[in-house]
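Chemist: Before anything else, here's the structure in question.
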Amino acid sequence: MSEIRLHEGELNIMELLWSNKVLAAKDIAKIIKEYIGWEKNTTYTVINRLIDKGAVKREDPGFLCKACISKRTVQNIETKALFNKLYNGSLNTFLTEYLKNQTLSPAEILELERIISEQKL
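What the sequence shown shows, in our numbering, is residues 892 to 1012, in sequence order.
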């Protein structure tokens, strides 16, 4: 199975599904209309795109929608894509550039050192 890439509009719908587990498409459309302003047809088009990608499963009756991919999985896929795009896949380059521009608290430094020492094991 190839990695599922989602755009911002699709992520809005996925956030609702991750929070609510199962929602009818009509309820998703109402919520999205209120918060984003999309018309029902737009929301249904995006839901169908998510179904085609394998990110959402539709159950009848009631056009009930359920996420087929976890939020953590999507975060990992999108993070990897961002690293590849902006840092040629180099975690070292990203961390070096990012940390140069940050003021870390002693607690944050300790946490980073802990994570790094776990990786050495």
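All residues carry an ideal CB built from backbone N, CA and C; glycine is no exception.
Determine contact between the stretch 922-930 and the stretch 960-967, defined as no fewer than three beta-carbon pairs at a distance below 8 Å.
Modeler: No, because fewer than three Cβ pairs between the stretch 922-930 and the stretch 960-967 fall closer than 8 Å, the two stretches do not touch.
Chemist: So what does DSSP say about Lys957, is it helix, strand or coil?
Modeler: Correct three-state label for Lys957: strand.
Chemist: Where Lys1011 and Glu1004 are concerned, what is the direct C-alpha to C-alpha distance, given to the nearest angstrom?
Modeler: Their Cα atoms are separated by approximately 11 Å.
Chemist: Out of Glu988, Ile960 and Glu899, which one is the CA nearest neighbour of Leu908?
Modeler: Cα-wise, what sits closest to Leu908 is Ile960.
Chemist: What beta strand (DSSP E) runs, 3 residues minimum, are completely inside the stretch 909-990?
Modeler: Within the stretch 909-990, the complete beta strand (DSSP E) runs of at least 3 residues are 913-915, 947-950 and 955-958.
Chemist: For Tyr978, collect the residues of the same chain with a Cβ closer than 7 Å to its Cβ; drop the 5 residues on either side in sequence, then sort them by chain order.
Modeler: Excluding residues within five positions, the ones whose Cβ falls inside 7 Å are Thr984 and Phe985.
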